[in-house]
Amino acid sequence: MWLLLCARIVSLLLLAVPGTPQVSVIVDGKVNAKFGSDIKLYCRVETRELISQITWQRKLSPNNENFLTYSKGEEPLHLTPFGERVRFLGNGDLGGSILIPNVTLADEGTYLCIYTTFPSGTKEGEIKLSIWVEPSVEVQLNPVLSGPNPGVIAECVAFASKPMANISWSPNGFRYTSTEFLTQHSNGTVTVRSQLWMTPSPGLYGHQATCLVSQPDQNFEKYIHFSITNIQYAPQAVHIKVHSEERDLLYIECWTDGNPPVTYTWWWENGSIPNDLAQVKGNVVNFTRGNTDYNGLYVCEAANSIGRNSHSVYLYKYTGAAPQGNTGAYIAVIVIQSAMIIALAVSCYLIKKKKERNLRVGLQLMSYK
């Protein structure tokens, strides 16, 4: 008699709840979280039945692990060290969401949100949590010697990302190729190293290039702009210019291009320049004011660890007409009032023996105002 009465009561309760199923657990089936972020696992139930308990599990092998339970009117029970990290966000009625702070790769996996109701029993929703890791990115420039063959100009490295990052290059119009190397890590992340290959000419030095690292599925992009400053080359063509700013003030300037930076050494008549004649400051020779005895060959040598190069100029003064006669030099003239200091850019050439007429070298005179 009692059993029959209980059966009728249960039947009436079931009839009072419209539709089937009687309990529906609603979750976000797939959640993608950034490494280190705080992530909410959403879970709620739609039912008119009595909720007796909410349980959260992780799918592990061989058995699932309960890490948190909640019963209305009581404090949540954190059952494992992982459960101690988790914060229960539910209200004890329909909501049973949790928050996992500062997620790590170890938090990745499948989670079950389980409602125990009366009279239906248990009903669960499954959430698959995946963690993505933003790469740490850097461009590495190692010294490369200039030459005609392609070399590794730069390396762009995306460290320990998940999923694997994509790397592309933009060298601003220069021709290039690239090679890529992958390193798989035990935690599921991947390091990608891409090498930029170009011909390391001195003309490439200082130009801009860009490395782009992306994770398309995560809408992640990072641009690294850099200058190509690691090409090493010997001093290029050395230039010399003679300056005369005042009537009795003269100086010679020498310059070139090289990497590593060049140092300058001056020579005069196969020896160093006397201090009473001029002061040498790096690439400039400043002649002592009032001293007009500049005659001689001045050589500027530029050098770095890769090589050296030089250029020379010959200075002499004269008060008469321009010199005439046989010569193997082209003469550039600088006029300083009545006395004229002549800068000869010495460019020797072969003089044919016999049948060679004497050459008169024209001098172009520039008068100082």
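Mature numbering (1 follows the signal peptide of the UniProt record, and there is no 0) puts the sequence shown at residues -21 to -1, 1 to 348.
Ideal Cβ placement from N, Cα and C applies to all residues, glycine included.
Going by CA-CA distance only, name the one from the options that's closest to residue i.
{"i": "residue 351", "options": "Pro142, Asn198 and Ile146", "result": "Nothing about residue 351 can be read from this structure; the chain reaches only from -21 to 348."}
{"i": "Gly8", "options": "Leu91, His222, Ile252 and Ala85", "result": "Leu91"}
{"i": "Gly15", "options": "Ile252, Thr83, Ile146 and Leu120", "result": "Thr83"}
{"i": "Pro239", "options": "Asn198, Gly286, Cys135 and Ile132", "result": "Gly286"}
{"i": "Glu117", "options": "Lys201, Gly261, Gln215 and Cys279", "result": "Lys201"}
{"i": "Val263", "options": "Glu248, Gly250, Thr235 and Asn274", "result": "Thr235"}
{"i": "Asp196", "options": "Ser140, Leu276, Glu63 and Glu224", "result": "Ser140"}
{"i": "Leu58", "options": "Pro253, Lys51 and Arg66", "result": "Arg66"}
{"i": "Glu54", "options": "Thr34, His164, Phe153 and Pro41", "result": "Thr34"}
{"i": "Leu120", "options": "Val10, Thr189 and Asn11", "result": "Thr189"}
{"i": "Gly130", "options": "Tyr155, Asn145 and Ala144", "result": "Tyr155"}
Which term fits residue i, buried or exposed, when burial requires 16 or more other beta carbons within 10 angstroms of its beta carbon?
{"i": "Phe266", "result": "buried"}
{"i": "Leu294", "result": "buried"}
{"i": "Asn151", "result": "exposed"}
{"i": "Leu161", "result": "exposed"}
{"i": "Gln194", "result": "buried"}
{"i": "Gly100", "result": "exposed"}
{"i": "Gln174", "result": "buried"}
{"i": "Thr208", "result": "exposed"}
{"i": "Thr48", "result": "buried"}
{"i": "Arg268", "result": "exposed"}
{"i": "Thr168", "result": "buried"}
{"i": "Gly69", "result": "buried"}
{"i": "Leu229", "result": "buried"}
{"i": "Pro41", "result": "exposed"}
{"i": "Ile106", "result": "buried"}
Got a sec? Which residues, its chain only, sit under 7 Å from residue i by beta carbon, not counting five neighbours each side?
{"i": "Lys13", "result": "Trp111 and Glu113"}
{"i": "Val2", "result": "Val24, Thr26, Glu28, Tyr94, Thr96, Ser99 and Lys102"}
{"i": "Gln163", "result": "Val169"}
{"i": "Phe199", "result": "Glu113 and Ser193"}
Measure the Cβ-Cβ separation of residue i and residue j and say whether it is below 9 Å.
{"i": "Ala282", "j": "Thr244", "result": "yes"}
{"i": "Trp96", "j": "Glu28", "result": "Inspection of the sequence shows that residue 96 is occupied by Thr rather than by Trp. Cβ distance < 9 Å, so Thr96 and Glu28 count as in contact."}
{"i": "Leu85", "j": "Ser115", "result": "Here residue 85 turns out to be Ala, not Leu, going by the sequence shown. No, they are not a contact pair."}
{"i": "Asp17", "j": "Pro98", "result": "no"}
{"i": "Leu191", "j": "Trp148", "result": "yes"}
{"i": "Glu134", "j": "Val4", "result": "no"}
{"i": "Gln215", "j": "Gly250", "result": "no"}
{"i": "Val241", "j": "Ile252", "result": "no"}
{"i": "Ile219", "j": "Val292", "result": "yes"}
Within a Cβ cutoff of 8 Å, which residues of the same chain sit near residue i, ignoring the five residues on either side of it in sequence?
{"i": "Arg37", "result": "Asn43, Glu44, Phe46, Phe61, Gly88, Thr89, Tyr90 and Leu91"}
{"i": "Ser289", "result": "Val217, Val278, Cys279, Glu280 and Ala281"}
{"i": "Leu183", "result": "Ile132, Phe153, Met177, Ile207 and Ile210"}
{"i": "Glu205", "result": "According to the sequence displayed, residue 205 carries Phe and not Glu. Only Val118, Leu120, Ala133, Gln187, Ala188, Thr189 and Cys190 meet the Cβ criterion."}
{"i": "Glu63", "result": "His57"}
Keeping to the same chain, check which residues put their C-beta closer than 6 Å to that of residue i; ignore five residues upstream and five downstream.
{"i": "Trp247", "result": "Gly275 and Tyr277"}
{"i": "Pro302", "result": "Any reading at Pro302 needs caution, since the residue's pLDDT is 49, under 50, leaving its predicted position unreliable; the model's value is listed next. Counting only Cβ-Cβ distances below 6 Å, and skipping sequence neighbours, we find nothing."}
{"i": "Gln211", "result": "Pro122, Leu124, Asn238 and Ile285"}
{"i": "Ala144", "result": "Pro114, Ala137, Val171, Val192 and Gln194"}
* Quick check: the region 124 to 137 against the region 175 to 184, are there 3 or more CB pairs under 8 Å? -> With the cut-off at 8 Å, the region 124 to 137 and the region 175 to 184 touch.
* contact_flag[the region 73 to 87, the region 10 to 26] where n(CB pairs < 8 Å) is 3 or more -> Contact between the region 73 to 87 and the region 10 to 26 is present: three or more C-beta pairs spanning the two stretches fall below 8 Å.
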